[in-house]
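Sequential numbering from 1 applies to the sequence shown in the numbering used here. We put the beta carbon where it would ideally sit given N, CA and C, even for glycine. One structure below.
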Amino acid sequence: MALVIRRAGSGDLRALSDLCLRSKAAWGYDDAFMQGCVAELTVTRADLRGADVVMLEKAGRAVAMAQVGAGPTPDEAELDRLFVAPEAMRQGFGRALMVWARAAARARGASRLRIDSDPNAEAFYLSEGAQRVGLSPSGSIPGRNLPQLVINLA
Numbered sequence: 001m002a003l004v005i006r007r008a009g010s011g012d013l014r015a016l017s018d019l020c021l022r023s024k025a026a027w028g029y030d031d032a033f034m035q036g037c038v039a040e041l042t043v044t045r046a047d048l049r050g051a052d053v054v055m056l057e058k059a060g061r062a063v064a065m066a067q068v069g070a071g072p073t074p075d076e077a078e079l080d081r082l083f084v085a086p087e088a089m090r091q092g093f094g095r096a097l098m099v100w101a102r103a104a105a106r107a108r109g110a111s112r113l114r115i116d117s118d119p120n121a122e123a124f125y126l127s128e129g130a131q132r133v134g135l136s137p138s139g140s141i142p143g144r145n146l147p148q149l150v151i152n153l154a
């Protein structure tokens, strides 16, 4: 089966948002938690305009997506999203998108890629060379802190 990483368009927004929500739910979060995450996990036209957003397709169907945007400083980029459909996890799609994310960050002139990780995904990012540098407040759940990670691109 051919794998294709392509730039997302406005016609992909609903499918990508659904993919993000299904991927997050795979960690076993309850309905109330997931409802709190809907806004943050919804991919919008503004995301397409302000960041690099791609989807990985297998046999013409989206199985993963990633989004890289500007970081807090000019030499940093932010991995805003990286989600893999539950049925496609552990097949190398996340790793393929990390290769893309590093390249996208470098193309933005970044020497560091910042990641606010779901705690359940932290081990994956650490295996990709990330280092934990602190905690970051969740954009969805008040009082929840997320591992803040950095990958040096140099």
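Minimum C-alpha distance to residue i - residue among the options
i: Arg-112; options: Cys-20, Cys-37, Ala-39, Val-133; result: Val-133
i: Met-98; options: Ser-127, Ser-138, Glu-40, Gly-139; result: Ser-127
i: Ala-51; options: Ala-62, Ala-2, Ala-70; result: Ala-70
i: Cys-20; options: Ala-39, Arg-108, Asp-116, Arg-95; result: Ala-39
i: Arg-45; options: Pro-72, Ala-121, Arg-14; result: Arg-14
i: Trp-27; options: Gln-131, Val-150, Ala-104, Ser-117; result: Ser-117
i: Thr-80; options: Arg-102, Arg-22, Gly-11; result: Checking the displayed sequence, the identity of residue 80 turns out to be Asp instead of Thr. Nearest C-alpha to Asp-80: Arg-102.
i: Ser-23; options: Cys-37, Ala-104, Gly-129, Ile-151; result: Cys-37
i: Lys-58; options: Ala-130, Glu-87, Leu-82, Met-34; result: Glu-87
i: Ile-158; options: Asp-31, Leu-3, Glu-78; result: The question about residue 158 has no answer here: the residues shown for the chain are numbered 1 through 154.
i: Gly-175; options: Met-34, Ala-104, Ala-130, Gln-91; result: Look at the range of the chain in this structure, 1 to 154, and you will see that residue 175 is not part of it.
Same chain, Cβ closer than 8 Å to residue i, five either side skipped, listed in chain order
i: Pro-119; result: Leu-146, Pro-147
i: Ala-8; result: Leu-16, Val-43, Leu-48, Val-53, Val-54, Met-55, Met-65
i: Ala-96; result: Leu-3, Ile-5, Leu-56, Ala-64
Sequence-distant residues of the same chain with beta carbon closer than 7 Å to residue i, five excluded per side
i: Glu-76; result: Ala-110, Arg-112, Arg-114
i: Trp-100; result: Ile-5, Val-54, Ala-66
i: Phe-124; result: Gly-94
i: Met-136; result: Correcting the residue type first, residue 136 is Ser in the shown sequence and not Met. The residues are Asp-116, Asn-145, Leu-146, Gln-148.
i: Gly-129; result: Ile-151
Helix, strand or coil at residue i [DSSP, three-state]
i: Ser-138; result: coil
i: Gly-50; result: helix
i: Val-38; result: helix
i: Glu-128; result: coil
i: Asp-80; result: strand
i: Leu-16; result: helix
i: Leu-21; result: helix
i: Val-43; result: coil
i: Asp-30; result: coil
i: Leu-153; result: coil
i: Pro-119; result: helix
8 Å contact criterion, which residue i and residue j should meet: CB distance rounded
i: Val-84; j: Val-63; result: 7 Å
i: Leu-153; j: Arg-108; result: 10 Å between Cβ atoms; not a contact.
Contacting residues, own chain, Cβ-Cβ under 6 Å from residue i (five flanking each side not counted)
i: Glu-122; result: Pro-147
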